[in-house]
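A.B. asks: The sequence shown begins at 84 in my numbering and counts up by one. Glycine residues also receive a C-beta, built at the ideal position from the N, C-alpha and C atoms.
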Amino acid sequence: MTRTSWLKKIWKGRSKGVSTVIGTVFLMLIIFMVSTNVLLWTFSQNAIYTQAVKDENQKFADKLNENVIASNGNYSVLSGGRVKVETRLTNAGSVAAQIINLWVFDTSIQTYNYTSLNLNLNPGNVTDLTGSNAIVVTVYGADSTHDFISWFVTARGNTIPLEQEQRVIIAELAQGIGSLSLDFYTFRYFTYETGPTNKLKNYTEGNVGFNVPSGTDIAFGIVLTNLDPSKQTITLDLNSQVWVYFPKAPGQNRLWHVVNVAPDGTVTIPYSSITITYGETKLIVFATETPGGFKRVSIGTNVEDLCALNLLLHGTIGTQDYGQNIPFVSLYIYKPS
Numbered sequence: 084m085t086r087t088s089w090l091k092k093i094w095k096g097r098s099k100g101v102s103t104v105i106g107t108v109f110l111m112l113i114i115f116m117v118s119t120n121v122l123l124w125t126f127s128q129n130a131i132y133t134q135a136v137k138d139e140n141q142k143f144a145d146k147l148n149e150n151v152i153a154s155n156g157n158y159s160v161l162s163g164g165r166v167k168v169e170t171r172l173t174n175a176g177s178v179a180a181q182i183i184n185l186w187v188f189d190t191s192i193q194t195y196n197y198t199s200l201n202l203n204l205n206p207g208n209v210t211d212l213t214g215s216n217a218i219v220v221t222v223y224g225a226d227s228t229h230d231f232i233s234w235f236v237t238a239r240g241n242t243i244p245l246e247q248e249q250r251v252i253i254a255e256l257a258q259g260i261g262s263l264s265l266d267f268y269t270f271r272y273f274t275y276e277t278g279p280t281n282k283l284k285n286y287t288e289g290n291v292g293f294n295v296p297s298g299t300d301i302a303f304g305i306v307l308t309n310l311d312p313s314k315q316t317i318t319l320d321l322n323s324q325v326w327v328y329f330p331k332a333p334g335q336n337r338l339w340h341v342v343n344v345a346p347d348g349t350v351t352i353p354y355s356s357i358t359i360t361y362g363e364t365k366l367i368v369f370a371t372e373t374p375g376g377f378k379r380v381s382i383g384t385n386v387e388d389l390c391a392l393n394l395l396l397h398g399t400i401g402t403q404d405y406g407q408n409i410p411f412v413s414l415y416i417y418k419p420s
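1) Can you find the residues in the same chain that come closer than 8 angstroms, C-beta to C-beta, to N184, ignoring five residues on each side of it along the sequence?
2) For a test of the three-state rule: what should DSSP assign to V136, helix, strand or coil?
3) Measure the Cβ-Cβ separation of G156 and T194 and say whether it is below 9 angstroms.
4) Exposed or buried, what is Y275 when buried is set at 16 or more other beta-carbons lying within 10 Å of its beta-carbon?
5) Output the boundary residues of the beta strand (DSSP E) element that contains S233.
6) Name the DSSP bridge partner or partners of T316?
7) Using alpha carbons as the reference points, say which of S177, G289, V291, T364 lies closest to L307.
8) Within the same chain, show all residues whose beta-carbon is closer than 8 angstroms to that of S118, passing over the 5 residues directly before and after it, in chain order.
9) Just mark G398 as buried or exposed, buried being the case when its beta carbon has 16 or more other beta carbons within 10 Å.
10) Going residue by residue through the segment 155-185, where are the continuous alpha helix (DSSP H) segments of at least 4 residues, counting only ones entirely within it?
11) Among residues of its own chain, excluding the 5 on either side of Y361, which ones have a beta-carbon nearer than 7 angstroms to its beta-carbon?
12) Inspect the CB distances between the segment 373-384 and the segment 319-335 and report whether three or more fall short of 8 angstroms.
13) Look at the alpha carbon of T170 and the alpha carbon of V219, and state the distance between them as a whole number of angstroms.
14) Assuming F270 and V412 are in contact, meaning their beta carbons sit under 8 angstroms apart, how far apart are those beta carbons, in whole angstroms?
15) Nearest CA to the CA of N208: which residue from N150, A238, S264?
16) Under the three-state reduction of DSSP, which class applies to G383: helix, strand or coil?
17) On the CB-based measure, 16 or more other CB atoms within 10 Å of its CB, does T107 come out buried or exposed?
18) Taking the alpha-carbon of A217 as reference, which of S264, V368, Y328, A153 has the nearest alpha-carbon?
19) Sort V222, D404, V295 by Cα distance to S162 and report the nearest one.
20) Determine, using beta-carbon pairs with one atom in the segment 344-355 and one in the segment 282-292, whether at least three such pairs fall under 8 angstroms.
21) Quick check on the burial criterion: 16 or more other C-beta atoms within 10 angstroms. Buried or exposed for S323?
22) At 3 residues or longer, what runs of the beta strand (DSSP E) sit wholly inside the segment 335-395?
23) Quick one: grab the DSSP three-state call for G207.
24) Can you tell me whether N205 is buried or exposed? The criterion is at least 16 other CB atoms within 10 Å of its CB, across all chains shown.
25) Can you find the residues in the same chain that come closer than 6 angstroms, C-beta to C-beta, to T103, ignoring five residues on each side of it along the sequence?
26) Can you tell me whether Q407 is buried or exposed, with buried defined as 16 or more other CB within 10 angstroms of its CB?
27) Quick check on I218: does DSSP put it in helix, strand or coil?
28) Apart from the five residues on each side of it in sequence, which residues of its chain come closer than 8 angstroms, Cβ to Cβ, to E387?
29) Find out if the Cβ-Cβ distance for the pair V291, I232 is shorter than 9 angstroms.
30) Pick helix, strand or coil for L500, following the three-state DSSP scheme.
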């Protein structure tokens, strides 16, 4: 055997050992890489899961902390079954809230509908949804004599029931004295524009208060609300009037009959009956000495006295006759300087 053949045999034996080692190393590297990728993937999935759990817990906590109150609720029905909802929204919670829906349910005919909203309330915010800001929801078949319940829905899925304005005491009192309630805090009188005109000055605001000047033509504005327990419409005829009695000067007693007033403050004739539906609040003006026509009324220039004002209402409630006397206003008549 030559030296060369011997070396080849040695190298051939060693090459098999080297290949085995190299293959083992590559196998270990592959196992390490695969294990590392699996471990990293596991860590990433665990992080995603943990974050998802945190997000869901935060959403749940925010939902629990959401606290919006809908108070002083009031319903009135417009034409076409449109239900006007007035309320005050207060965010009493610690998180911002988004109102996305208002649902109205007519319990009298078991019909409901909703309207979409986009109202955002930060903590502590108060929003008055009254007057021109009131929300109107169309509930087909709705009528002013029906009963309603409603609720708001937030973006987080919470429901906010509408808490109706408490009128129980007033309604019970109305059963004893009549179905129309007078708002004392908005009692007012009007003067006229300059010249021989029948246009009221500063209509509809007028002069709110209980001190009235003598020696000038005036009209009275009284805000009435229909709180009839049977929820019927009340109609005022031309005999409805304000009677002012002077204890110290009976000969100075005066009458102001009900009138119609155009949006610009002009008293219109002839008189057309005024209707007040259940739950409706309306400003009624008394301005004429002659029922159904128009003749200004003033208080004598020599009068300076405390007097009693009586509201004498007459007309119909539903299809029946109606009459009511509200004798709870006193006025002080003063002489302008």
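C.D. replies: Looking at the atomic coordinates:
1) On the sequence shown, position 101 is the one that residue 184 refers to. Same-chain partners within the cutoff: Y197, T198, S199, L200, F235, V236.
2) If you number the sequence shown from 1, residue 136 lands on position 53. In the structure shown, V136 sits in a helix (DSSP, three-state: H, G or I).
3) On the sequence shown, position 73 is the one that residue 156 refers to. On the sequence shown, position 111 is the one that residue 194 refers to. No; because the gap between Cβ atoms is not below 9 angstroms, this pair is not in contact.
4) Position 192 of the sequence shown, counting from 1, holds the residue named residue 275. So Y275 counts as buried.
5) Within the sequence shown, residue 233 is the residue found at index 150, counting from 1. Element bounds for S233: 231-237.
6) As a first step, residue 316 is located in the sequence shown; it is residue number 233 there, counting from the start. For T316, which the question treats as bridged, DSSP gives no partner whatsoever.
7) Along the sequence shown, read from residue 1 onward, the residue named residue 307 stands at position 224. Cα-wise, what sits closest to L307 is T364.
8) For the purposes of this step, residue 118 is taken as residue 35 along the sequence shown, with counting starting at 1. Excluding residues within five positions, none has a Cβ falling inside 8 angstroms.
9) By 1-based counting over the sequence shown, the position of residue 398 is 315. Buried: at least 16 other Cβ atoms inside 10 Å.
10) none
11) Position 278 of the sequence shown, counted from the first residue, corresponds to residue 361. Result list for Y361: S227, T228, N309, D311, K314, Q315, T316, in chain order.
12) yes
13) Locating residue 170 in the sequence shown gives position 87, where the first residue counts as 1. Locating residue 219 in the sequence shown gives position 136, where the first residue counts as 1. Cα to Cα, T170 sits roughly 12 angstroms from V219.
14) Residue mapping note: residue 270 aligns to position 187 of the sequence shown, counting from 1. Residue mapping note: residue 412 aligns to position 329 of the sequence shown, counting from 1. Yes, F270 and V412 are in contact; Cβ-Cβ is about 6 angstroms, under 8 angstroms.
15) Locating residue 208 in the sequence shown gives position 125, counting from the first residue. The candidate whose alpha carbon is nearest that of N208 is N150.
16) Reading the sequence shown from its first residue, position 300 is the one you call residue 383. DSSP places G383 in coil when its eight states are reduced to three.
17) As a first step, residue 107 is located in the sequence shown; it is residue number 24 there, counting from the start. Exposed, by the Cβ-count rule.
18) Locating residue 217 in the sequence shown gives position 134, where the first residue counts as 1. Comparing Cα positions, the closest option is A153.
19) As a working mapping, residue 162 is identified with position 79 in the sequence shown. The shortest Cα separation from S162 among V222, D404, V295 belongs to V222.
20) yes
21) Numbered from 1 along the sequence shown, position 240 holds the residue referred to as residue 323. Burial call: buried.
22) 337-344, 357-359, 364-371
23) Along the sequence shown, read from residue 1 onward, the residue named residue 207 stands at position 124. Correct three-state label for G207: coil.
24) As a first step, residue 205 is located in the sequence shown; it is residue number 122 there, counting from the start. With fewer than 16 other Cβ atoms within 10 Å, it is exposed.
25) Position 20 of the sequence shown, counted from the first residue, corresponds to residue 103. For T103, where only same-chain residues beyond five positions count, there are no Cβ hits under 6 angstroms.
26) The residue you call residue 407 lines up with position 324 of the sequence shown. Buried, because 16 or more other Cβ atoms sit within 10 Å of the Cβ of Q407.
27) Here residue 218 refers to the residue found at position 135 when the sequence shown is read from its first residue. Residue state, collapsed to three classes: strand.
28) Stepping through the sequence shown from its first residue, residue 387 is reached at position 304. Hits under 8 angstroms: S297, I416, Y417, K418.
29) Translated into the one-based positions of the sequence shown, residue 291 becomes position 208. Translated into the one-based positions of the sequence shown, residue 232 becomes position 149. Going by C-beta atoms, V291 is not nearer than 9 angstroms to I232.
30) For residue 500 there is no data in the structure shown, the boundaries of the chain being 84 and 420.
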